[in-house]
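Just so you know, we're using full-length UniProt numbering here: the sequence shown kicks off at 1 and counts up by one. Each residue gets a CB set at the ideal place from its N, CA and C atoms; glycine is no exception.
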Amino acid sequence: MPEPLSAEARPRRGAVLLALRLYGRELARLRLLTLPAMLGPALGNIGIAYVAPLLVAKLVARIADEPSSGTALGPLLPYVLGFAGVLLVSEALWRLGLHCLNRVDGLGIERLYILGMDELFAKDAAFFHDNFAGSLTKRVLSFASRFEEFVDTLTFNVVGSLVPLVFGSVVLWRYQPLLVVVLLAMILLTAVIVAPLIRRRQALVDQREEAIARVSGHVADSLMNMDTVRAFAAEEREAAEHRSRVAESRRLSLRSWDYGNLRIDTLVAPMSVLTNAVGLLIAVAAAASGQGGVEAVVVAFTYYSNATRIMFEFNQIYRRLESSMTEAAQFTELLMVPPTVVDVPEPEPLRARGADVTFDEVVFTHGGADRPLFDGLELAVAGGEKIGLVGRSGGGKTTLTRLLLRMTDIQGGRILVGGQDISLLRQADLRSLISYVPQDPAMFHRTLRENIAFARPEATEAEIRRAAEAAHVTEFADGLPDGFDTMVGERGVKLSGGQRQRVALARAILRDAPILLLDEATSALDSESEVLVQEALWRLMAGRTALVVAHRLSTVAGMDRLVVLDRGRILEQGSHQDLLAADGAYAKLWQHQSGGFLKEHGSQEAEESPQLA
């Protein structure tokens, strides 16, 4: 017996039903193509497997009824011409069906690719922190691509077998009703016998698909972190882990395949042989008693041989459908978990682009934490004010910026921007007010120009160039092989950390939003570059509200106000000089600076949870 899957590994029934509903919706949407796509091959099969053999049977019977010496070719010619005509029409029906089927597959896959990515774009930040990028990629691609296998199986194996079976049963009934009763009874009996075995095999297929997903996730994880792998000389260790996962995938694949071959098909084979033998016996007995003659024997033999193939297709049909639906359900089960950050049904329209920010009695707890990080946090930032957020790791500085971006929702209180509760705004409207430069800027595998213009795709070439100059991107961009048309590589691997950070700053400059969030925006710059970029940042911050996270206190000493956070609490706030004069927490942090960096010893907990890192 197969080992039961865990609740996490086995796609829930609801996920399978959702996948079926989405696939069915596509077939219904394309019904003008779906109908001929499915009926064309089925009618072609009727012609090839049933009508053509029927003409041959009548031809053989005609020859058998006439003495060999007296049989003329003329009376037999219509059967031959009819046989050829049926085959030609059947082939034409197949070609028409395949023409429509190709379009059903192509249009359906295109629509499902779009649907899948739209659903992923709607997920919140926590979702992507909890799932491998490689696994998500495989799931969304399989969700769309498996539609082809699903539709093809329905077309060729289900409709393409059942419709001809109905036709064959009608013809057999005219010769001997018992032939139909026995044929359908044996097919039904075989289905009943193998159904439990097929259901048991479902667990094996689930385990196999999970193993394949784990292989994909590990491959993507290793490739995206190849520099780290090489830095720790971990190639062999990662390769060994890959071999282990591939071996497990192979083991589970063979187990599921062998179960179908050695358990299911081994049972179906004798049932098929028995059915054909019984059908032939009935036809011979009927012919011996003067019912049907040679024609009935030939028809029964041919029809039974063709019809009993469906017995072997039980497992194939189920295996293909379960494989496609299991993989599709791997994705649709993600859709059944609603995002935690959603727009309200009737969001407020964005009023004037106000830039004041208020954290009003904010309560927030990281997922899995036993106590809140923020418990009634109060912080007001006036429009145009420049705030520096400082303190040891664990204080909540980065978390505060991500809450303002509404990457996750608070559990209590309100966050206001321009006097509007951000939970009542469309997320897109809220984020249109903010330029954000994270500590680890993300780069797309696109050109340098496209990476900068990502902040504002409609920007002109001159605007992109001005932003690049302000962030000192041109200093290295002009020396690249293709200048601004240079591909930066996956995650910007072709650029240094400082260069990536300058590109991120250029994005913020191009964005030209009234609120600026900088999370260690100059941490990857050398001292000379930092001086240049700081000048650009001060120009950028002019007239804007700025919240700047920094461990290097010298980078925020000139801010209007510094806020010292410690484990979600504001210890003190004021200007650099005022806080030094107060000789409190900030003064101690300033004294502990070493080379411009804050010593982090003694911190008991990291600021970023997995959801907000």
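Pick from the options: whose alpha carbon is nearest that of residue i?
{"i": "residue 210", "options": "182, 176, 236 and 249", "result": "249"}
{"i": "residue 415", "options": "450, 244, 379 and 442", "result": "379"}
{"i": "residue 511", "options": "501, 535, 540 and 494", "result": "540"}
{"i": "residue 574", "options": "57, 583 and 83", "result": "583"}
{"i": "residue 445", "options": "35, 75, 142 and 487", "result": "487"}
{"i": "residue 406", "options": "107, 390 and 425", "result": "425"}
{"i": "residue 397", "options": "329, 492, 305 and 519", "result": "519"}
{"i": "residue 513", "options": "503, 542 and 303", "result": "542"}
{"i": "residue 159", "options": "314, 368 and 423", "result": "314"}
{"i": "residue 442", "options": "498, 420, 395 and 464", "result": "498"}
{"i": "residue 261", "options": "312, 470, 212 and 220", "result": "312"}
{"i": "residue 266", "options": "83, 93 and 190", "result": "190"}
{"i": "residue 212", "options": "198, 272 and 135", "result": "135"}
{"i": "residue 399", "options": "365, 428 and 299", "result": "365"}
{"i": "residue 489", "options": "466, 94 and 224", "result": "224"}
{"i": "residue 551", "options": "439, 479 and 463", "result": "439"}
{"i": "residue 192", "options": "247, 271 and 233", "result": "271"}
{"i": "residue 436", "options": "480, 482, 494 and 402", "result": "402"}
{"i": "residue 576", "options": "569, 568 and 585", "result": "585"}
{"i": "residue 428", "options": "482, 349 and 357", "result": "349"}
{"i": "residue 455", "options": "431, 495, 475 and 99", "result": "431"}
Do residue j and residue i have their beta-carbon atoms positioned less than 8 Å apart in this structure?
{"i": "residue 188", "j": "residue 38", "result": "no"}
{"i": "residue 381", "j": "residue 547", "result": "yes"}
{"i": "residue 287", "j": "residue 279", "result": "no"}
{"i": "residue 256", "j": "residue 201", "result": "yes"}
{"i": "residue 274", "j": "residue 207", "result": "no"}
{"i": "residue 336", "j": "residue 24", "result": "no"}
{"i": "residue 79", "j": "residue 303", "result": "no"}
{"i": "residue 296", "j": "residue 175", "result": "yes"}
{"i": "residue 133", "j": "residue 408", "result": "no"}
{"i": "residue 139", "j": "residue 17", "result": "no"}
{"i": "residue 229", "j": "residue 388", "result": "no"}
{"i": "residue 77", "j": "residue 59", "result": "no"}
{"i": "residue 590", "j": "residue 553", "result": "yes"}
{"i": "residue 259", "j": "residue 178", "result": "no"}
{"i": "residue 238", "j": "residue 216", "result": "no"}
{"i": "residue 198", "j": "residue 264", "result": "yes"}
{"i": "residue 89", "j": "residue 55", "result": "no"}
{"i": "residue 477", "j": "residue 467", "result": "no"}
What is the C-beta distance between residue i and residue j, in whole angstroms, given that I count them as a contact (C-beta under 8 Å)?
{"i": "residue 452", "j": "residue 506", "result": "5 Å"}
{"i": "residue 146", "j": "residue 324", "result": "4 Å"}
{"i": "residue 614", "j": "residue 172", "result": "Since the displayed the chain opens at 1 and closes at 613, residue 614 lies outside it and no answer follows."}
{"i": "residue 156", "j": "residue 41", "result": "6 Å"}
{"i": "residue 413", "j": "residue 363", "result": "5 Å"}
{"i": "residue 108", "j": "residue 331", "result": "Incorrect: roughly 15 Å between the Cβ atoms, too far for contact."}
{"i": "residue 276", "j": "residue 326", "result": "That belief does not hold up - the Cβ atoms of residue 276 and residue 326 are roughly 33 Å apart, past 8 Å."}
{"i": "residue 162", "j": "residue 104", "result": "19 Å between Cβ atoms; not a contact."}
{"i": "residue 617", "j": "residue 359", "result": "Since the displayed the chain opens at 1 and closes at 613, residue 617 lies outside it and no answer follows."}
{"i": "residue 460", "j": "residue 484", "result": "Contact doesn't hold; Cβ gap of about 13 Å is too wide."}
{"i": "residue 521", "j": "residue 470", "result": "Residue 521 to residue 470, Cβ: 13 Å. No contact."}
{"i": "residue 560", "j": "residue 385", "result": "5 Å"}
{"i": "residue 44", "j": "residue 97", "result": "7 Å"}
{"i": "residue 391", "j": "residue 564", "result": "5 Å"}
With a threshold of 16 other CB atoms inside 10 Å of the CB of residue i, please say whether the residue is buried or exposed.
{"i": "residue 509", "result": "buried"}
{"i": "residue 69", "result": "Unreliable positioning characterises residue 69 in this predicted model, as indicated by a pLDDT of 49, which lies under 50. The coordinate reading is nonetheless provided below. Under this definition residue 69 is an exposed residue."}
{"i": "residue 121", "result": "exposed"}
{"i": "residue 53", "result": "buried"}
{"i": "residue 502", "result": "buried"}
{"i": "residue 73", "result": "exposed"}
{"i": "residue 19", "result": "buried"}
{"i": "residue 344", "result": "exposed"}
{"i": "residue 218", "result": "buried"}
{"i": "residue 500", "result": "buried"}
{"i": "residue 283", "result": "buried"}
{"i": "residue 588", "result": "exposed"}
{"i": "residue 285", "result": "exposed"}
{"i": "residue 640", "result": "Outside the shown range of the chain, which is 1 to 613, sits residue 640, and nothing can be said about it."}
{"i": "residue 244", "result": "exposed"}
{"i": "residue 66", "result": "exposed"}
- Ignoring anything shorter than 3 residues or poking outside the region 504-552, list the beta strand (DSSP E) runs there in chain order. 515-519 and 545-549
- Query: Counting only runs that start and end within the region 380-467, where is the alpha helix (DSSP H) found for 4 or more residues in a row?
  - Reply: 397-404, 427-431 and 448-453
- Query: At which residue ranges does the region 177-211 contain complete beta strand (DSSP E) runs of 3 or more residues, listed in the order of the chain?
  - Reply: none
- Run through the region 217-299 for me and flag every whole alpha helix (DSSP H) of 4 or more residues, listed as ranges in chain order. 226-231, 235-258 and 266-288
- Task: Enumerate, from N- to C-terminal direction, the unbroken alpha helix (DSSP H) stretches of 4 or more residues contained entirely within the region 140-175.
- Result: 160-175
- alpha helix (DSSP H) runs contained entirely in the region 345-372, provided each spans 4 or more residues: none
- Whole alpha helix (DSSP H) elements within the region 18-68, 4-residue minimum: 31-46 and 52-65
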